[in-house]
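See below for the structure under consideration.
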Amino acid sequence: MDGNGRWAKKRFMPRFFGHKQGVDALVRTVQACADRGIEYLTVFAFSSENWKRPSDEVSGLMGLVLVAVSKYLTKLAKEGVRIRIVGDRSAVSDKVREAWGQAERATEHNRRITLSVAFNYGGRWDVVQATRCALADGVQPEQLDEARLGRYMAMSYAPDPDLFIRTGGEVRISNFLLWQVAYSELYFTACLWPDFGDAELDAALADFRARERRFGGVKLEPAPQVVSA
Ligand code: FPP
14 MDGNGRWAKK RFMPRFFGHK QGVDALVRTV QACADRGIEY LTVFAFSSEN WKRPSDEVSG
74 LMGLVLVAVS KYLTKLAKEG VRIRIVGDRS AVSDKVREAW GQAERATEHN RRITLSVAFN
134 YGGRWDVVQA TRCALADGVQ PEQLDEARLG RYMAMSYAPD PDLFIRTGGE VRISNFLLWQ
194 VAYSELYFTA CLWPDFGDAE LDAALADFRA RERRFGGVKL EPAPQVVSA
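All residue numbers for the sequence shown refer to the working numbering, where the first residue is 14 and numbers rise by one.
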């Protein structure tokens, strides 16, 4: 969800204003995905590296979590959205942890769409935490394979993403779901996140549909139909 700061700057507004609009874009996008039958949407809301931002921006983003949960939780819950938070919760304040817990508990039985919010998340952190948990469980080196480690990854409850969208014009992954995007189709758009909506989502989905996915294999031509007269 990149581009909030630039979106605000273009309007001579503080960066926080862009993040606030970013929350509205997120709620719109959840609805648009649910309407299109997409069952999993995962968004990068705060990375392990975002702590390097000025302290007023960090505290603004933390405050926005509380505002967003109180403003939108009831609506999202009614729409059948299950909310899951992925990331290291140990470093966030009790208030933020509690708001996330409330959002998860209130929506845990919903299944129309699962919205995973990556918060204080990093792809490398995820690989390390999964390995640590496997070791703590007594998994032996020779027992460790991709499937076994995958069960300890933060998003083990969800399938790997088919489509990875980055807004804001940068063309990199920036430590998002490193393990999970191994075979995702990547889509980059210059659209700034607060402007993201139905039209941008449909453009990304159309692009995705035109891709040929081989997962490291080769495209097999369909076997010829044999017609006997
Ligand atoms: C990147 O844009 C955006 C972020 C670091 C924050 C994204 C957060 C939101 C959309 C709010 C979500 C909040 C909740 C509660 C889920 P940027 O600031 O790097 O923009 P720039 O590249 O234009 O400077």
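Think of the CB as a built atom: it goes at the ideal place given N, C-alpha and C, for glycine as much as any other residue. The structure presented is a predicted model; accordingly, all values stated were derived computationally and were not measured.
Check your understanding: Do you know offhand how far A47's Cα is from R125's?
Key -> Whole-angstrom Cα-Cα distance: 7 Å.
Point to revise | Cβ-Cβ separation, M168 to L190 (assumed contact under 8 Å), whole Å | key: Yes, L190 and M168 are in contact; Cβ-Cβ is about 7 Å, under 8 Å.
Practice item. Verify the contact flag: R19, CB atom, against every heavy atom of the ligand FPP, threshold strictly below 6 Å. Key: Because some heavy atom of the ligand FPP lies under 6 Å away, the Cβ of R19 counts as near it: yes.
Review point. From Y134 to D101, what does the alpha carbon distance come to, in whole angstroms?
Key: Distance from the CA of Y134 to the CA of D101, rounded to the nearest whole angstrom, comes to 6 Å.
Review point. If we call anything under 7 Å between Cβ atoms a contact, is V43 one with V109?
Key: Taking 7 Å as the cut-off, the Cβ atoms of V43 and V109 do not count as close.
Check your understanding: Within the present structure, is the beta-carbon of A81 separated from the nearest heavy atom of the ligand FPP by less than 6 Å?
Key -> For A81, the CB falls within less than 6 Å of some heavy atom of the ligand FPP.
Check your understanding: Whose CA, out of R226, R224, R222 and L205, lies closest to the CA of K22?
Key -> When each option's Cα is compared against that of K22, the closest is L205.
Review point. According to DSSP, is T144 helix, strand or coil?
Key: Here T144 sits in helix by DSSP.
**Study point:** Alpha carbon of R229 to alpha carbon of D173, nearest angstrom
**Key:** Per the sequence shown, the amino acid found at residue 229 is Gly instead of Arg. If you take the alpha carbons of G229 and D173, they lie about 15 Å apart.
Point to revise | Nearest residue (CA-CA) to S106, options F132, S187, G163 and E121 | key: Cα-wise, what sits closest to S106 is F132.
Practice item. Compute the Euclidean distance between the alpha carbons of R137 and E111, then round it to the nearest angstrom. Key: Their backbone Cα atoms lie some 25 Å apart in a straight line.
Check your understanding: For E92, which residues does DSSP report across the bridge?
Key -> For E92, which the question treats as bridged, DSSP gives no partner whatsoever.
Review point. In angstroms, rounded to a whole number, what distance separates the CA positions of R179 and N188?
Key: Going by the C-alpha atoms only, they are around 12 Å apart.
Check your understanding: How should A10 be labelled, buried or exposed, when 16 other C-beta atoms within 10 angstroms of its C-beta is the threshold for buried?
Key -> The displayed coordinates of the chain run from 14 to 242. Any statement about residue 10 would go beyond what the structure contains.
Practice item. Determine the burial state of V36: buried for a count of at least 16 other Cβ atoms within 10 Å of its Cβ, exposed for fewer. Key: So V36 ends up on the buried side.
Point to revise | Own chain residues within Cβ distance below 7 Å of W64, not counting five before or after | key: Excluding sequence neighbours, W64 sits near V71.
Check your understanding: Tell me, which residues are paired with V56 by DSSP?
Key -> The partner list for V56 (beta bridge, DSSP) reads V130.
Check your understanding: Is there at least one non-hydrogen atom of the ligand FPP closer than 6 Å to the beta-carbon of L77?
Key -> At least one heavy atom of the ligand FPP lies closer than 6 Å to the C-beta of L77.
Check your understanding: So does G35 have its beta carbon nearer than 6 Å to some heavy atom of the ligand FPP?
Key -> Using a cutoff of 6 Å, the CB of G35 counts as near the ligand FPP, since one of the ligand's heavy atoms is closer than that.
Review point. For T127, is the classification buried or exposed, using 16 other Cβ atoms within 10 angstroms of its Cβ as the cut-off for buried?
Key: By the neighbour-count criterion, in which a residue is buried when 16 or more other Cβ atoms sit within 10 angstroms of its Cβ, T127 is buried.
**Study point:** Cα-Cα separation between E62 and W192, rounded to whole angstroms
**Key:** Cα to Cα, E62 sits roughly 18 Å from W192.
Exercise for review: Could you spell out the range, first to last residue, of the alpha helix (DSSP H) harbouring L39?
Suggested key: Looking at the DSSP string, the run of the alpha helix (DSSP H) that includes L39 is R28 to D48.
Practice item. Would you mind working out which of W20, V152, L176 and H122 sits nearest R97, comparing C-alpha positions? Key: If we check each option's Cα against that of R97, H122 comes out closest.
Check your understanding: Grouping DSSP H, G and I as helix and E and B as strand, with all else coil, what is E121?
Key -> Note: E121 maps to coil in three-state DSSP.
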